[in-house]
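What follows is a single structure, written as structure tokens, with notes after it.
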Amino acid sequence: MRIGIVCPYDWSAPGGVKQHINDLALSLIELGHFVNILTPATDENDLPDFVTSAGTAIGLPYNGSVARIKFDPAAFSRTRAWIRKNKFDVLHLHEPTSPSPSIIAAWSARGPIVATHHTSNQRSYAAKNMQFLLQPMMEKISARIAVSEEAKVTMVTQMGGDAVIIPNGVRVADFTKFPAKTFEAQPFKILFLGRMDESRKGLKVLLNALPKVVERFPNIECQIVGPGDPIKVDQQIEKNIKFNGMLTSLEKARAYAESDVYIAPNIGGESFGIVLLEAMSAGAVVLASDLPAFKKVLADGEAGVLFEAGNSESLSTELISLLLDTERRRLLRKQGFIRAKEFDWSNIVKQILDVYASVIKVDGDSVREDLRGQLYGRITRSGRKDRKQVLSEMTSQ
Amino acid sequence: MTWPNWLWLALFLIFFIWYLSNLAGRLDRLHLKAEAAKLSLDTQLAHRTSAIGRLVEKLSAKKLVIDSFVSAWQSALKIESSEKFDPSQWDLESNLTKELNQLFISQPWLLTDKEFSRLLEDLAAACRRVQYARAFHNDAQSNALKVRRRILVRGFRLAGRAKPPKGIDFDDQIPPGLVNR
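For the protein sequence lines, the chains are A and B, in the order given.
Just so we're aligned: 207 in our numbering is position 207 of the first sequence, and the numbers increase by one with no gaps anywhere.
Just so we're aligned: 128 in our numbering is position 128 of the second sequence, and the numbers increase by one with no gaps anywhere.
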């Protein structure tokens, strides 16, 4: 099958959606499919061969974080050329409502189009009220996927309709390359991952909780990994904290494996929690805030420990009791790994292929350029097809 | 210089007609999408029935014939291969789903038997596709209905003679043993 995937955010910057798309593409390629990804990219020289650049991206605040996206005239022509050249059987857009190549692709293509919604965001009035502008594009999409119940609710309130839920996946094998830390080894190590300058990642909550933890375990090591400038921290906990910039995925796998507890203190805006699954694959015990998405991934606390979101007190209490209880951590590591396996891409990709299969028959032909609404298309009428002709093509399949 | 009133009126009329024609075009595409989704659902149902057929074959080769299961499969097969649409089709599909569920409850060894693993994997995929295709159809159908209900669409009969697409409701649950396969 020839599959075209459109990534809305910068390929050169790390992020959940980009990660999802990368892993999806790798899993599809492993199964023998042809995949090409269209994405904005700041660094065009360093792209894998299945990735096509739509140009450089600019930073825009979106959904409480800074999304690096792309939306300008050059992107239009690149997107159209990409669609013409590759003759895909199915086009898979991600975040189709964000101002990005995804919207441009929805605008310039017709045929079997699948879209995945990642965001869960309750307060976007703009998205809700601008919906009528997106209507013609959104109606071309034949199948919509949401990565979680929360993402689906957000999508439905913004634009109505329905979506099937296919969760995010994790490539478990990528994270089992390093042996997990033994439970007794000192000092204890904890890990935080995420942009430091983004308040919804909850780094503040963790930093406020640390003094209490350091009191109990003076040697504890807290590794903070992610882009952004290191924040000033209290002197009391300064020696326990190690800041790290961005890590490669291999270094990340090692960081997970070397830590006792992975902490996800996010305070909102998460629709899934792929990092939790990564940490669990590598053998780290997860301590996460009780956001609905995290609760679901952790099977209500069976595969990891939950604390009250935004509450540093609750975080420090849970962390201390977890570090003191080796037996509990042993059990959680085992449960976490079993849970992560359920979300392995080898399982998830099958469901995505089933979605492709159920829409490919719909139009009976491959993805092509949509000339409707274009001056050229209006004049030549080559963009339009007679209704009867389309239906007879479909039934003759 | 002011424009005469009739020019304003003409401009408004032109815009209004353009809008109506756009709306009619959009409605047409929505109908087409729902129709196409229905065709896709039919295809996926046929795939499921044939996957179940292979299971029936294999079971009967092992001298295991469950009458209610086989007859549910046969009636689904008959109705799908007939040209005419029969409204009882959805009941028969529901019944087939129910019998399939029942089969794995009464014969749980099937789920772990190596000989059946390939077959069950295909069957699981077919069941998932039916579920997806039905969801996508009903989404397209309700989308078309929503536009059909608009006052301009009704007033100017923009839907023409196209019949309103019907929602499709039947039991498409995947047997618990086949989830994640």
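Ideal Cβ positions, reconstructed from N, Cα and C, are used throughout, including at glycine.
Since this is a predicted model, take the numbers as computed values, not measurements.
Asked	Found
Residue-level contact to chain A via CB, R26/B, 9 angstroms cutoff	yes
Element boundaries [alpha helix (DSSP H), containing N22/A]	G16 to E30
Backbone CA spacing between S76/B and N101/B [nearest angstrom]	The identity of residue 76/B in the sequence shown is Ala, whereas the question assumes Ser. Computed Cα separation, rounded: 16 angstroms.
Spatial neighbours of S346/A in its chain, beta-carbon cut-off 8 angstroms, leaving aside the 5 residues before and after	S27
Ordered list of alpha helix (DSSP H) runs contained in the stretch 319 to 370 of chain A, each at least 4 residues	326 to 342 and 345 to 363
Inter-residue spacing [alpha-carbon to alpha-carbon] between K239/A and P230/A	14 angstroms
Distance between G155/B and V172/A (C-alpha atoms, nearest Å)	57 angstroms
Segment limits, alpha helix (DSSP H) that includes F69/B	D67 to S81
DSSP three-state assignment for S98/A, whether helix, strand or coil	coil
Reduced DSSP secondary structure (H/G/I, E/B, other) of Y262/A	strand
One or two residues paired with V35/A in a DSSP bridge	I3/A
Cβ-based contacts, 7 angstroms cut-off: residues of the stretch 141 to 160 of chain B near chain A	N143
For N168/A, three-class secondary structure by DSSP	coil
Three-way DSSP call (helix, strand, coil) for N244/A in this model	strand
Within-9 angstroms CB hit, P136/A to chain B	yes
Alpha helix (DSSP H) segment containing Q186/A, residue limits	Element bounds for Q186/A: n/a, residue is neither H nor E.
Cβ neighbours of S366/A in the same chain (closer than 7 angstroms, five flanking residues each side left out)	K87, F88, D89 and G111
G283/A to K58/B span [Cα, whole Å]	42 angstroms
Start-to-end residues for the alpha helix (DSSP H) that takes in Q89/B	Q89 to S106
CB contact check: K350/A to chain B, cutoff 9 angstroms	yes
Beta carbon of M280/A nearer than 9 angstroms to that of F337/A	yes
9 angstroms Cβ cutoff, S40/B in contact with chain A	yes
Check whether F104/B and L110/B have beta carbons under 9 angstroms apart	yes
Exposed unless 16 or more other CB atoms sit within 10 angstroms - verdict on R84/A	exposed
C-alpha distance - S50/B paired with D172/B, whole-angstrom precision	16 angstroms
Chain A contact for K33/B (CB, 9 angstroms cutoff)	yes
Status (buried if at least 16 other CB within 10 Å, exposed otherwise) for D300/A	exposed
Residues within the stretch 92 to 106 of chain B neighbouring chain A, beta-carbon criterion of under 7 angstroms	none
Whole-number beta carbon distance between P265/A and L206/A, since they are thought to touch under 8 angstroms	5 angstroms
Residues sharing a beta bridge with A143/A, DSSP	V114/A
Where L315/A falls: helix, strand or coil (DSSP)	helix
Closer than 9 angstroms to chain A by CB, Q74/B	no
Helix, strand or coil at V179/B according to DSSP, with G and I counted as helix	coil
Where S53/A falls: helix, strand or coil (DSSP)	strand
Inter-stretch contact at 8 angstroms, needing at least 3 Cβ pairs: the stretch 139 to 157 of chain B / the stretch 66 to 86 of chain B	no
Proximity below 9 angstroms, CB of F175/A to CB of Y256/A	yes
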